[in-house]
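Colleague: For the sequence shown, the numbering used here begins at 782 and goes up steadily by one.
Using N, Cα and C, we set each Cβ at its ideal position, and we do this for glycine too.
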Amino acid sequence: MAEKKPDRDAGVLVIGLGRFGSAIAATLDRLGQDVLAVEQDPNLVAQWSGRLPLVEADASNPEALEQLGGRDFGVAVVGVGSSLEASVLITGNLVDMGTPQIWAKAISAEHGRILTRIGAHHVVFPEADAGKRVAHLVSGKLLDYIEVEDGFTIVKMRPPKEAQGFTLGQSNIRKRYGVTVIGVKSPGADFVYATPETRISANDLLICSGHAELLERFAARP
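Below, the structure written as structure tokens:
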């Protein structure tokens, strides 16, 4: 074990510095969050040394987690996905420690079910989620796509021709299509929250919310 121990009451412990874990740790660190990364692979440790608060340790060993101060963190992210055994052991160790929030990466539905059953509070499927998001983007007119939960989705899109030149009140998008225009971004202007008086032009970007199927239908309008 090397480099740095946490001396904090609440922060984020990121275990595993693959693409998923390193992106989370680096982003949290850049945002000024209290973060400590844990990695067993000496090559990855060398790669990230000096760039992140980091310890080299095997987090599947509960004693190692205790020694690096794992109990001091309010949130833990298990970024280990390639080894099902290691992922489950690490998550189980965090559950036994009583970590208030555990986010764990899963690479399959079965993996996710196991993590949920042993006590992970949030299970994420980065590859599947990214693939689903890209599929929505390449198949239609959506410029960005974020599924929040149970089909509720937020998208960025160009306005259909029938909405261009009209206010939201005049086009009555919500009643006709079941989606809500949250905000509008005009070229060279700041983002504004939408009101019934907001007028839409052809070059605007719309931020819309609603059920994924309804948004897809709305975005498919000419």
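Helix, strand or coil for R1002, going by three-state DSSP, please let me know.
Modeller: Counted from its first residue, the sequence shown places residue 1002 at position 221. Note: R1002 maps to coil in three-state DSSP.
Colleague: Nearest CA to the CA of A840: which residue from V826, N874, N824?
Modeller: For the purposes of this step, residue 840 is taken as the residue at position 59 of the sequence shown. When only C-alpha atoms are compared, the closest one is N874.
Colleague: Look up I796 in the DSSP assignment and give the residues it is bridged to.
Modeller: As a first step, residue 796 is located in the sequence shown; it is residue number 15 there, counting from the start. Bridge partners of I796: V819, V859.
Colleague: Just mark E997 as buried or exposed, buried being the case when its beta carbon has 16 or more other beta carbons within 10 Å.
Modeller: Within the sequence shown, numbered from 1, the residue matching residue 997 stands at position 216. Its Cβ being crowded by 16 or more others within 10 Å, E997 is buried.
Colleague: To which residues of the same chain is V858 closer than 6 Å at the C-beta, ignoring the five residues directly before and after it?
Modeller: Within the sequence shown, residue 858 is the residue found at index 77, counting from 1. Hits under 6 Å: V795, I805, W884.
Colleague: Rounded C-beta distance between F854 and T880? I'm assuming under 8 Å.
Modeller: For the purposes of this step, residue 854 is identified with residue 73 of the sequence shown, where counting begins at 1. For the purposes of this step, residue 880 is identified with residue 99 of the sequence shown, where counting begins at 1. Contact flag correct, Cβ pair sits at about 7 Å.
Colleague: What is the DSSP secondary structure of A1053, reduced to helix, strand or coil?
Modeller: This structure gives no information on residue 1053, because the portion of the chain shown stretches from 782 to 1003.
Colleague: Within a Cβ cutoff of 6 Å, which residues of the same chain sit near R914, ignoring the five residues on either side of it in sequence?
Modeller: The residue given as residue 914 occupies position 133 in the sequence shown. Taken in chain order, the residues that qualify are Y926.
Colleague: Look up E997 in the DSSP assignment and say whether it is helix, strand or coil.
Modeller: Here residue 997 refers to the residue found at position 216 when the sequence shown is read from its first residue. If DSSP states are grouped into helix, strand and coil, E997 belongs with the helices.
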